[in-house]
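K.L.:
Here it is, the structure in full.
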Amino acid sequence: MEQQNVQTKNKGGRPQKAVKKDQLLAVKCSLYERRVIEANAKIANLSVSEYLREISTTGKIDRKEKALPKEVLELTGTLNHMAANLNQIAKKRNGMEELGPLERANLKVQSGELKTLASKIKSYIQ
Numbered sequence: 000m001e002q003q004n005v006q007t008k009n010k011g012g013r014p015q016k017a018v019k020k021d022q023l024l025a026v027k028c029s030l031y032e033r034r035v036i037e038a039n040a041k042i043a044n045l046s047v048s049e050y051l052r053e054i055s056t057t058g059k060i061d062r063k064e065k066a067l068p069k070e071v072l073e074l075t076g077t078l079n080h081m082a083a084n085l086n087q088i089a090k091k092r093n094g095m096e097e098l099g100p101l102e103r104a105n106l107k108v109q110s111g112e113l114k115t116l117a118s119k120i121k122s123y124i125q
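Quick note: the sequence shown uses numbering that gives the first Met the number 0, first residue 0, plus one each step.
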């Protein structure tokens with residue numbers, strides 16, 4: 000008997016999951032119970048399916064915060080904005096162009112904003 004090494008061409012697309020979740024389980028409940036389940040799933044930041052699977056297999060929900068607090072998102076946005084502006088200034092300086100008075104004033108304002116932002120971060124962490 001000869002062994003044949005048959006190579007199959009990769010069709011692309013998403014790789015197969017190790018464990019398929021292809022079984023449907025219908026659960027009867029009252030409207031009130033449904034609303035409670037949906038509310039609890041929303042609080043846990045899970046879909047209803049994920050919530051029911053987790054609660055049935057482990058008996059508890061590990062509440063992990065998936066979303067960052069609003070303050071952290073605001074700080075990140077401000078830092079990104081400042082980084083873009085400072086990058087533009089650095090590009091001009093590296094190209095041997097002189098900064099105009101408006102750009103110098105903008106740089107001074109952003110420096111002050113950066114110091115304020117740093118103090119906000121320190122106060123948020125403490």
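Even for Gly, the Cβ is constructed at its ideal location relative to N, Cα and C.
Helix, strand or coil for SER48, going by three-state DSSP, please let me know.
P.N.:
To locate residue 48, count along the sequence shown from 1; it is residue 49. It is helical.
K.L.:
Rounding to the nearest angstrom, what Cα-Cα distance links VAL71 and LYS8 in this structure?
P.N.:
Here residue 71 refers to the residue found at position 72 of the sequence shown. Here residue 8 refers to the residue found at position 9 of the sequence shown. Distance between the alpha carbons of VAL71 and LYS8 is about 46 Å.
K.L.:
Count the C-beta pairs between the stretch 49-57 and the stretch 76-89 that are closer than 8 Å, then say yes if the count reaches three, no if not.
P.N.:
With a cut-off of 8 Å, the stretch 76-89 and the stretch 49-57 do not count as touching, because too few Cβ pairs lie within range.
K.L.:
Straight-line CA distance for GLU37 to VAL47?
P.N.:
Start at 1 with the first residue of the sequence shown, and residue 37 comes out as number 38. Start at 1 with the first residue of the sequence shown, and residue 47 comes out as number 48. Near 6 Å, if we compare the C-alpha coordinates of VAL47 and GLU37.
K.L.:
Is GLN109 closer than 8 Å to ASN79 when the C-beta atoms are compared?
P.N.:
Along the sequence shown, read from residue 1 onward, the residue named residue 79 stands at position 80. Along the sequence shown, read from residue 1 onward, the residue named residue 109 stands at position 110. Going by C-beta atoms, ASN79 is not nearer than 8 Å to GLN109.
K.L.:
Pull up the distance between the alpha-carbon of LYS131 and that of GLU73, whole angstroms please.
P.N.:
Because the chain here runs from 0 to 125, residue 131 falls outside it and cannot be looked at.
K.L.:
With burial defined as no fewer than 16 other Cβ atoms inside 10 Å of the residue's Cβ, what is the status of ALA40: buried or exposed?
P.N.:
As a working mapping, residue 40 is identified with position 41 in the sequence shown. So ALA40 ends up on the buried side.
K.L.:
For the alpha helix (DSSP H) holding MET81, just list the boundary residues, first then last.
P.N.:
Locating residue 81 in the sequence shown gives position 82, counting from the first residue. First-last of the alpha helix (DSSP H) with MET81: 69-93.
K.L.:
Measuring straight from C-alpha to C-alpha, what distance separates PRO100 and GLY12?
P.N.:
As a position in the sequence shown, residue 100 is number 101, starting the count at 1. As a position in the sequence shown, residue 12 is number 13, starting the count at 1. Their backbone Cα atoms lie some 54 Å apart in a straight line.
K.L.:
DSSP three-state label for VAL192, please.
P.N.:
Because the chain is modelled from 0 through 125, residue 192 falls outside the range shown and cannot be assessed.
K.L.:
Report all residues from its chain with a CB closer than 8 Å to the CB of LEU45; omit the five preceding and five following residues, and keep chain order.
P.N.:
Residue mapping note: residue 45 aligns to position 46 of the sequence shown, counting from 1. Here the set comprises GLU53 and ILE60.
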